[in-house]
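Protein chains in written order, with UniProt numbering: chain C, 1 to 206; chain F, 1 to 206.
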């Protein structure tokens, strides 16, 4: 079977899907969510508008799938197996959390992820419907992955039994996103480590 | 001296300034930062465009002052004296932090503050210059107020000596803003209390 034969339709679909995602992410980065249109995405991707509407009902649906795909690729680059949705569990909670927060720092410092993620976060902040979809599809699953890891550590006696896994998750993820979004300080591995250290030790004297 | 005499020019200025702020906050809430113009603010405030340009060099400058004024009014409503910039220090760090984070929850749940704050946060997320001004003028002073209170507690031996006051501040403020911005859960006094409790105790077993 050589590549010179009739093109494989599923491969062609995959190429179009990838072109649509790339165009959508580029446009939302360059012009913002509000000014990105299905027509503009189609033109930049070199596909017909009908092709987009065959697969997605709306601009928001295209962009959300593009972000999910981007996020899956980021996870794969960080070494996660395809479809892997759990945090590592080496038995050392601090080490596992440092590992994951350092990977998050790397992702947020990467312009390929930074710009479109800002655009979607900004749009979701002022558009409640898009914000709810963004949170449900992307953010909530990430938070639950952290909460499950902390719950397992609590069950194993490695975390204070009074810990609420959801609050503990937000203690780790919230500051990182806040510093990233508002650029209130450098986003480094040392910062990720300090966050884990403070969240585990707490502020009260021992 | 009766009010029927010639109008007091400084009082008239104050009325115009207030009208400009109200118009700016209403417009940015209704149409977003990008579509808010100096012309639109002037028309809604019932003042000339020249009046605005006499006091402020740009749209961003008007909006930033309107936000600073809004924030000062919110602080006054929360019981702070005018110009007061320090956290209460009753000697009980947990109680003082609960008090302040509960007031922040009330403010973020108030539509008068929620909508314009979202608009500015969203714009700052994608516009680095505006974001830097927003952070420098509004966010950074708030973070430093927390950091000074935690530093005082550390000096008094009420906080673990290994605590970095800045990281500790972000541990308290970051999750609250993250939950507010992305609507990942209810913003309640109980949540504020749980955050303080977890940040002080830490996750590690004692």
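No residue lacks a Cβ here, since even glycine has one placed at the ideal position from N, Cα and C.
- Judged by DSSP secondary structure, residue 39 of chain C falls within the alpha helix (DSSP H) whose first and last residues are 38-45.
- The beta-carbon of residue 127 of chain C is placed no less than 7 Å from the nearest beta-carbon of chain F.
- At least one CB of chain C lies nearer than 7 Å to the CB of residue 204 of chain F.
- Sixteen is the threshold: since fewer than 16 other Cβ atoms of the shown chains lie within 10 Å of the Cβ of residue 48 of chain C, the residue is exposed.
- With a threshold of 7 Å between beta carbons, residue 112 of chain C makes no contact with chain F.
- Using a Cβ distance threshold of 7 Å, residue 100 of chain C and residue 87 of chain C count as a contacting pair.
- For residue 99 of chain C, the closest Cβ of chain F is not nearer than 7 Å.
- In the three-state DSSP reduction, residue 159 of chain C falls in the coil class, being neither helix nor strand.
- When the beta-carbon positions are compared, residue 20 of chain F and residue 116 of chain F stay at least 7 Å from each other.
- Close CB contacts of residue 189 of chain C within its chain, under the 7 Å cut and outside five residues either way in sequence, are with 102, 105 (chain order).
- Contact between residue 138 of chain C and residue 71 of chain C holds: CB atoms are separated by about 6 Å, below the 8 Å threshold.
- In terms of Cα proximity to residue 37 of chain C, the closest of C:63, C:167, C:109 is C:63.
- Judged by DSSP in its simplified three-state form, residue 33 of chain F adopts coil rather than helix or strand.
- If only uninterrupted alpha helix (DSSP H) runs of at least 4 residues are considered, those enclosed by the stretch 134-179 of chain C are 140-155.
- Look at residue 170 of chain F: its C-beta is under 7 Å from a C-beta on chain C.
- Every alpha helix (DSSP H) of 4 residues or more that sits fully in the stretch 50-77 of chain F is shown, in chain order, as 59-77.
- Contacts with chain F at 7 Å (Cβ-Cβ) do not include residue 189 of chain C.
- With 16 or more other Cβ atoms from the protein chains shown falling within 10 Å of its own Cβ, residue 131 of chain C counts as buried.
- Going by C-alpha positions, residue 74 of chain F is about 10 Å away from residue 112 of chain F.
- At a cut-off of 7 Å between beta carbons, residue 175 of chain C contacts chain F.
- Nearest in C-alpha terms to residue 59 of chain C, of all of C:149, C:90, C:123, is C:123.
- Relative to the Cα of residue 163 of chain F, the nearest Cα in the group F:61, F:10, F:149 belongs to F:149.
- Rounded to the nearest angstrom, the gap between the Cα atoms of residue 96 of chain C and residue 89 of chain F is 37 Å.
- For residue 17 of chain F, no Cβ of chain C is located within less than 7 Å of the residue's own Cβ.
- Remark: three or more beta-carbon pairs, one from each stretch, lie closer than 8 Å, so the stretch 174-184 of chain F and the stretch 164-181 of chain C are flagged as touching.
- With respect to chain F, the C-beta atom of residue 148 of chain C has no partner C-beta closer than 7 Å.
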